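A.B. asks: Dropping a structure here in structure tokens format, bear with me for questions.
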Amino acid sequence: MSETLLKDDILRHLTYTLGKDPDHAQTYDWRMALSFAVRDRIVESWFAATRKTYDADAKRVYYLSMEFLIGRLLEDGIINLRLLDEAREAFETLGLDFQTVVEDEPDAALGNGGLGRLAACFLESLSTLGVPAYGYGIRYEHGLFKQGIVGGRQVETPETWLSQQHAWEFERPEVRLPIGFGGKVKVTGERAVWTPAEAVDAEGFDTPIVGWQGKWANTLRLWSAKAQEPFDLNRFNEGAYAAAAEPEALARTISRVLYPDDSTEAGKELRLKQEYFFTAASLRDILRRYDSTHNDITQLPKRVAIQLNDTHPAIAGPELVRLLHDERGMTFDDAVETARACLSYTNHTLLPEALESWGEGLFGRLLPRHLTLVDRIDAAHAKANPTRKVAARGDGQVKMGELSFIMAHKVNGVSALHTGLMKETVFEELHRLHLERIVNQTNGVTPRRWLLSCNPRLSGLITESIGDAWVDDLEQLKGLESHIEDAAWLDAYHAAKQDNKAELSNWMGQTQGFAADPHMMFDVQIKRMHEYKRQHLNILETIALWQEIRDNPNAGWTPRLKLFAGKAAPSYYFAKDIIRLINDVAEIVNADPVTSPYLKVAFIPNYNVSLAEKLIPAADLSEQISTAGKEASGTGNMKFALNGAPTIGTLDGANVEIREHVGEENFFLFGMTAQEVMDRRSVADHAAQAIAADPRLARAVEAVRKGTFAPGDTDRHAGIAYNIAGPDYFLVASDFSDYWRVQREVDSAFADEKGWARMAALNTARSGWFSSDRTIKGYVSDIWGASSLL
Ligand code: B1H
Numbered sequence: 000m001s002e003t004l005l006k007d008d009i010l011r012h013l014t015y016t017l018g019k020d021p022d023h024a025q026t027y028d029w030r031m032a033l034s035f036a037v038r039d040r041i042v043e044s045w046f047a048a049t050r051k052t053y054d055a056d057a058k059r060v061y062y063l064s065m066e067f068l069i070g071r072l073l074e075d076g077i078i079n080l081r082l083l084d085e086a087r088e089a090f091e092t093l094g095l096d097f098q099t100v101v102e103d104e105p106d107a108a109l110g111n112g113g114l115g116r117l118a119a120c121f122l123e124s125l126s127t128l129g130v131p132a133y134g135y136g137i138r139y140e141h142g143l144f145k146q147g148i149v150g151g152r153q154v155e156t157p158e159t160w161l162s163q164q165h166a167w168e169f170e171r172p173e174v175r176l177p178i179g180f181g182g183k184v185k186v187t188g189e190r191a192v193w194t195p196a197e198a199v200d201a202e203g204f205d206t207p208i209v210g211w212q213g214k215w216a217n218t219l220r221l222w223s224a225k226a227q228e229p230f231d232l233n234r235f236n237e238g239a240y241a242a243a244a245e246p247e248a249l250a251r252t253i254s255r256v257l258y259p260d261d262s263t264e265a266g267k268e269l270r271l272k273q274e275y276f277f278t279a280a281s282l283r284d285i286l287r288r289y290d291s292t293h294n295d296i297t298q299l300p301k302r303v304a305i306q307l308n309d310t311h312p313a314i315a316g317p318e319l320v321r322l323l324h325d326e327r328g329m330t331f332d333d334a335v336e337t338a339r340a341c342l343s344y345t346n347h348t349l350l351p352e353a354l355e356s357w358g359e360g361l362f363g364r365l366l367p368r369h370l371t372l373v374d375r376i377d378a379a380h381a382k383a384n385p386t387r388k389v390a391a392r393g394d395g396q397v398k399m400g401e402l403s404f405i406m407a408h409k410v411n412g413v414s415a416l417h418t419g420l421m422k423e424t425v426f427e428e429l430h431r432l433h434l435e436r437i438v439n440q441t442n443g444v445t446p447r448r449w450l451l452s453c454n455p456r457l458s459g460l461i462t463e464s465i466g467d468a469w470v471d472d473l474e475q476l477k478g479l480e481s482h483i484e485d486a487a488w489l490d491a492y493h494a495a496k497q498d499n500k501a502e503l504s505n506w507m508g509q510t511q512g513f514a515a516d517p518h519m520m521f522d523v524q525i526k527r528m529h530e531y532k533r534q535h536l537n538i539l540e541t542i543a544l545w546q547e548i549r550d551n552p553n554a555g556w557t558p559r560l561k562l563f564a565g566k567a568a569p570s571y572y573f574a575k576d577i578i579r580l581i582n583d584v585a586e587i588v589n590a591d592p593v594t595s596p597y598l599k600v601a602f603i604p605n606y607n608v609s610l611a612e613k614l615i616p617a618a619d620l621s622e623q624i625s626t627a628g629k630e631a632s633g634t635g636n637m638k639f640a641l642n643g644a645p646t647i648g649t650l651d652g653a654n655v656e657i658r659e660h661v662g663e664e665n666f667f668l669f670g671m672t673a674q675e676v677m678d679r680r681s682v683a684d685h686a687a688q689a690i691a692a693d694p695r696l697a698r699a700v701e702a703v704r705k706g707t708f709a710p711g712d713t714d715r716h717a718g719i720a721y722n723i724a725g726p727d728y729f730l731v732a733s734d735f736s737d738y739w740r741v742q743r744e745v746d747s748a749f750a751d752e753k754g755w756a757r758m759a760a761l762n763t764a765r766s767g768w769f770s771s772d773r774t775i776k777g778y779v780s781d782i783w784g785a786s787s788l789l
């Protein structure tokens, strides 16, 4: 570790790296100087880790992902290096506000939601555990769009995290790999030579990811697309300046923007180009690194484990076969075997609209050699499994889920329920043919970010109570259970939550136009906007509650603040309509003097990692209300439980396991099971029946339909009402009555302050299993065969 004082290093970087006189430095300059001072310390363990990995000739894990939703890195680095006190002190003596400096960092949103955030948690856990690993992805110039709310509606503007220098990355101009598209394939005997028609360069940018206590750091390598020629000199000399710049602009397009579709497939040519671009660059880089210390390519699986984060990098299968067979002379069969021994695949969703497939026309035009190889891989699989009916090719499509399955030695789901459903539904036949292939690895979250860093009050209390070994051994939270009957301790637990709520309330007052009363229950649903996540079930219950409070204001209602946040994919109109309904309901309900003491509604714009870090520690109740069978796991659900917000939820995804861990008496269960959902769908007019059976539901739907929340534009929300009363694919109407019933149980439970604190504390004490450290240990032993070098 560095021997110099952090403060001296900050001032040195301010002066010599940023060229700023302390008297004239702005927040940005201080933030960069602090980041560089912290980064220096990370680099030390980063080099040491790389050296150790080479010395041990250790197996490396390569995590290929279209998304890394890392958020801010400065506080993470400070926390993991245990520099918080020193950094705070340094800024105090400099007369600067530490929090302002930390919050100046842009939130790197190179992902949509859970899938991308999981990749970020995994990188941090891999470093904490000292497993040699690389994350590989795309250095998008523009991450997920910024969401504004104007007139109740979502408006999107481009995100510009790179408009300032990114403090954490190291550009690697020497790592520049040409990636080709299109062109011709010349077959000579068994092998082929592919001559692409066009090519761009993939340039690497490295970000070190440091683990807990700075004992290890791994690398996140993101690829940026660059034109091979900076501009067309001939056209420039002819005076065609715009045309001269065109090839450069076109090449850069590949890494320009993140597709904003969560759990849906984009199906665009540029998307396939992005997928091949980063996957091909990563594989080339992996082989280059292997070659630098090995000369027998057949031993590759001993040193290399490649994890495909969903099917987005599925082209890795045929590409690796191409590299081994066409370029390195392995037989086709050996190439497939070797590739499969390296590759494994995580499935994150069973939603049909999210399963990737590509038309063979497009696929063959961009990747002509790969199309032939996919055919051969599929034919070989068919030959080895003569009874099979499901294929990676058919109907003129390349099906990426099937392809990934066939090319992986292990395939995993992300919660016990989801893995079971994979075996019964989408991968039913492939599972039967390969009974050992599918395994479960229930998701987890890193406790460094999602408790230690985001919730200093609670983590302080935990450390006072049981010491600090919980930070990288989260199951130790169990030790809190012995304090539960201690009234003073429970008061302290409750006080931490109350203080978090007061802090959020202040922030809302400053930024959202109203400061919620911290004595209300903070009932929080924050996640991507999606019909299957059923924000419309929540707002419908809100409406029914508002109506009921108006009817009977003195019935002793438990005061609630309903908090929502989440982005809708720009072309997902129904999800955008739900955002508008929530905002419209908020306007009417919040202005109602009768109900105001008991009910408030807020939609906080621009949900991202940093906002989650603010909201979760202040939450009382966690809404995890997806239609059973649809949410593969969820990871927000774990963050809430860990931070002492009990769940109201369905038996879906990891909710099932959360309930098992925290105890059913500390979890508010409602709704149909996955099996009941499937049965219910076959009931004609299930929604109409549910509405007829529940007058409260009927009244709420009717209020939406007739425009109660859209004065002067009464048709505005009719579409939502007709959907709920009609097709209602996600069974909002059928689950409503039970949801309402259990919400009233929540009301009574919350009114008992001590009882609630106890339940919240038990959620914290029993959530240790949901650490991503546990998840990564599972991948290491069941899938990767790697090991820790610590
Ligand atoms: C999840 C996605 C996803 N599942 C396609 N699938 C995407 C699919 O841009 N695309 O094309 C982007 C994302 N994301 C989520 O993964 C699940 O819905 C969650 O339940 C799960 O917790 C998370 C991590 O496993």
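Mapping the sequence shown onto numbering that gives the first Met the number 0, position 315 (from 1) lands on 314, and the numbers just tick up by one.
Even glycine gets a Cβ: it sits at the ideal position worked out from N, Cα and C.
Remember, it's a predicted structure, so these values are computed and weren't measured experimentally.
With a threshold of 6 Å (Cβ to nearest heavy atom), would Ser770 be considered close to ligand 1?
C.D. replies: Taking the sequence shown and counting its residues from 1, one reaches residue 770 at position 771. Not a single heavy atom of ligand 1 lies less than 6 Å from the C-beta of Ser770.
A.B. asks: Could you give the residue range of the beta strand (DSSP E) that holds Val410?
C.D. replies: For the purposes of this step, residue 410 is taken as residue 411 along the sequence shown, with counting starting at 1. Taken as a continuous stretch (DSSP letters only), the beta strand (DSSP E) holding Val410 covers 409-412.
A.B. asks: The beta strand (DSSP E) spanning Phe169 covers which residue range?
C.D. replies: Taking the sequence shown and counting its residues from 1, one reaches residue 169 at position 170. Segment 169-180, the beta strand (DSSP E) holding Phe169.
A.B. asks: If you draw a straight line from the alpha carbon of Ile587 to that of Phe708, how long is it in whole angstroms?
C.D. replies: For the purposes of this step, residue 587 is taken as residue 588 along the sequence shown, with counting starting at 1. For the purposes of this step, residue 708 is taken as residue 709 along the sequence shown, with counting starting at 1. When rounded, the distance between both Cα atoms is 6 Å.
A.B. asks: According to the Cβ coordinates, are Thr348 and Ser262 closer than 7 Å?
C.D. replies: For this step, residue 348 is matched to residue 349 along the sequence shown. For this step, residue 262 is matched to residue 263 along the sequence shown. Yes, the pair counts as a contact, with Cβ atoms nearer than the cut-off.
A.B. asks: Nearest to Arg234 by CA position, among Gly633, Lys225, Ala378, Glu247, is which residue?
C.D. replies: For the purposes of this step, residue 234 is taken as residue 235 along the sequence shown, with counting starting at 1. Out of Gly633, Lys225, Ala378, Glu247, Glu247 has the C-alpha closest to the C-alpha of Arg234.
A.B. asks: Between the alpha carbons of Asn384 and Leu271, how many angstroms are there, rounded?
C.D. replies: As a first step, residue 384 must be located in the sequence shown, where it is residue number 385. As a first step, residue 271 must be located in the sequence shown, where it is residue number 272. C-alpha separation (whole angstroms): 29 Å.
A.B. asks: For Ser481 and Asp781, what's the separation of their Cα atoms in angstroms?
C.D. replies: Numbered from its first residue, the sequence shown carries residue 481 at position 482. Numbered from its first residue, the sequence shown carries residue 781 at position 782. Distance between the alpha carbons of Ser481 and Asp781 is about 34 Å.
A.B. asks: Is it true that the CB of His493 sits closer than 7 Å to the CB of Ala756?
C.D. replies: Your numbering for residue 756 matches position 757 in the sequence shown. Your numbering for residue 493 matches position 494 in the sequence shown. Cβ distance < 7 Å, so Ala756 and His493 count as in contact.
A.B. asks: What is the DSSP secondary structure of Met758, counted as helix, strand or coil?
C.D. replies: Start at 1 with the first residue of the sequence shown, and residue 758 comes out as number 759. The answer is helix: DSSP assigns Met758 an H, G or I state.
A.B. asks: Run through the DSSP bridge pairs and tell me what Met520 is partnered with.
C.D. replies: Residue numbering aside, residue 520 sits at position 521 when the sequence shown is read from its first letter. DSSP output for Met520 lists Arg559 as bridge partner(s).
A.B. asks: Need the endpoints of the beta strand (DSSP E) that Trp739 sits in, please.
C.D. replies: As a first step, residue 739 is located in the sequence shown; it is residue number 740 there, counting from the start. Counting along the chain, Trp739 falls outside any beta strand (DSSP E), though it belongs to the alpha helix (DSSP H) covering 731-750.
A.B. asks: Using the Cβ count rule (16 or more neighbours within 10 Å means buried), how would you classify Phe46?
C.D. replies: Residue numbering aside, residue 46 sits at position 47 when the sequence shown is read from its first letter. By the 10 Å Cβ count, Phe46 comes out exposed.
A.B. asks: Within 10 Å of its beta-carbon, does Asn505 have 16 or more other beta-carbons around it, so buried, or fewer, so exposed?
C.D. replies: Start at 1 with the first residue of the sequence shown, and residue 505 comes out as number 506. Classification of Asn505: exposed, given that the 10 Å Cβ count is below 16.
A.B. asks: Should Gln146 go down as buried or exposed, given a rule of 16 or more other Cβ atoms within 10 Å for buried?
C.D. replies: Walking along the sequence shown from the start, residue 146 turns up at place 147. Looking at its Cβ environment, which holds 16 or more other Cβ atoms inside 10 Å, Gln146 is buried.
A.B. asks: Less than 8 Å between the CB atoms is what I'm expecting for Thr441 and Ala415, so what's the real figure, rounded?
C.D. replies: The residue you call residue 441 lines up with position 442 of the sequence shown. The residue you call residue 415 lines up with position 416 of the sequence shown. Indeed, because the Cβ distance is near 6 Å, the residues count as touching under 8 Å.
A.B. asks: Nearest-angstrom Cα distance between Pro300 and Gly210?
C.D. replies: Here the question's residue 300 lines up with position 301 in the sequence shown. Here the question's residue 210 lines up with position 211 in the sequence shown. Their Cα atoms are separated by approximately 26 Å.
A.B. asks: Looking at Leu473 and ligand 3, is the gap between the Cβ and the nearest heavy atom below 6 Å?
C.D. replies: Judged by which ligands are present, ligand 3 is missing from the structure shown, whose ligands are ligand 1.
A.B. asks: Going by DSSP in three states, His141 sits in which element: helix, strand or coil?
C.D. replies: Reading the sequence shown from its first residue, position 142 is the one you call residue 141. The answer is strand: DSSP assigns His141 an E or B state.
A.B. asks: If you reduce the DSSP assignment to three classes, tell me which class Asn642 lands in.
C.D. replies: On the sequence shown, position 643 is the one that residue 642 refers to. In the structure shown, Asn642 sits in coil (DSSP, three-state: anything other than H, G, I, E or B).
A.B. asks: I'd like to confirm something about Val413: is its beta-carbon nearer than 6 Å to some heavy atom of ligand 1, or not?
C.D. replies: As a working mapping, residue 413 is identified with position 414 in the sequence shown. It does: the Cβ of Val413 is within 6 Å (strictly closer) of some heavy atom of ligand 1.
A.B. asks: Between the alpha carbons of Val130 and Thr337, how many angstroms are there, rounded?
C.D. replies: Residue mapping note: residue 130 aligns to position 131 of the sequence shown, counting from 1. Residue mapping note: residue 337 aligns to position 338 of the sequence shown, counting from 1. So the alpha carbons of these two residues sit roughly 22 Å apart.
A.B. asks: Touch check for the region 182-192 and the region 33-52: three-plus C-beta pairs under 8 Å?
C.D. replies: no
A.B. asks: Output the distance between the C-alpha atoms of Leu668 and Phe90, rounded to the nearest integer angstrom.
C.D. replies: Stepping through the sequence shown from its first residue, residue 668 is reached at position 669. Stepping through the sequence shown from its first residue, residue 90 is reached at position 91. Using only the alpha carbons, I get a separation of about 47 Å.
A.B. asks: DSSP three-state label for Leu668, please.
C.D. replies: Taking the sequence shown and counting its residues from 1, the one referred to as residue 668 is at position 669. In this structure, Leu668 counts as strand in the three-state DSSP scheme.
A.B. asks: Please list the terminal residues of the continuous alpha helix (DSSP H) segment that includes Pro246.
C.D. replies: Counting from one through the sequence shown, the residue named residue 246 turns up at place 247. Looking at the DSSP string, the run of the alpha helix (DSSP H) that includes Pro246 is 240-252.
A.B. asks: Using the Cα positions of Met637 and Lys599, report the straight-line distance between them to the nearest angstrom.
C.D. replies: Here residue 637 corresponds to residue number 638 of the sequence shown, with the count starting at 1. Here residue 599 corresponds to residue number 600 of the sequence shown, with the count starting at 1. Their backbone Cα atoms lie some 25 Å apart in a straight line.
A.B. asks: Report whether the distance from the Cβ of Asn442 to the nearest heavy atom of ligand 1 is below 6 Å.
C.D. replies: Along the sequence shown, one-based indexing puts residue 442 at 443. For ligand 1, a non-hydrogen atom lies closer than 6 Å to the CB of Asn442.
A.B. asks: Could you check if Lys753 is buried or exposed, using at least 16 other CB atoms within 10 Å of its CB as the buried criterion?
C.D. replies: Counting from 1 along the sequence shown, the entry for residue 753 is found at position 754. Classified as exposed, Lys753 has fewer than 16 neighbouring CB atoms from the shown chains inside 10 Å of its CB.
A.B. asks: Ligand 1 and His23: does any heavy atom of the ligand fall closer than 6 Å to the residue's C-beta?
C.D. replies: Along the sequence shown, one-based indexing puts residue 23 at 24. No.
A.B. asks: What are the uninterrupted segments assigned as alpha helix (DSSP H) that are 4 or more residues long and contained completely in the region 263-342, given in chain order?
C.D. replies: 268-290, 299-302, 315-321, 331-341
A.B. asks: How would you write the range of the alpha helix (DSSP H) that Tyr778 sits in, first residue to last?
C.D. replies: If you number the sequence shown from 1, residue 778 lands on position 779. 771-778 is the span of the alpha helix (DSSP H), which, as asked, contains Tyr778.
A.B. asks: Have a look at Asn589, Ala760, Ser736, Leu562 and flag the residue whose alpha-carbon is nearest the alpha-carbon of Ala486.
C.D. replies: For the purposes of this step, residue 486 is identified with residue 487 of the sequence shown, where counting begins at 1. Closest option to Ala486, judged by alpha-carbon separation, among Asn589, Ala760, Ser736, Leu562: Ala760.
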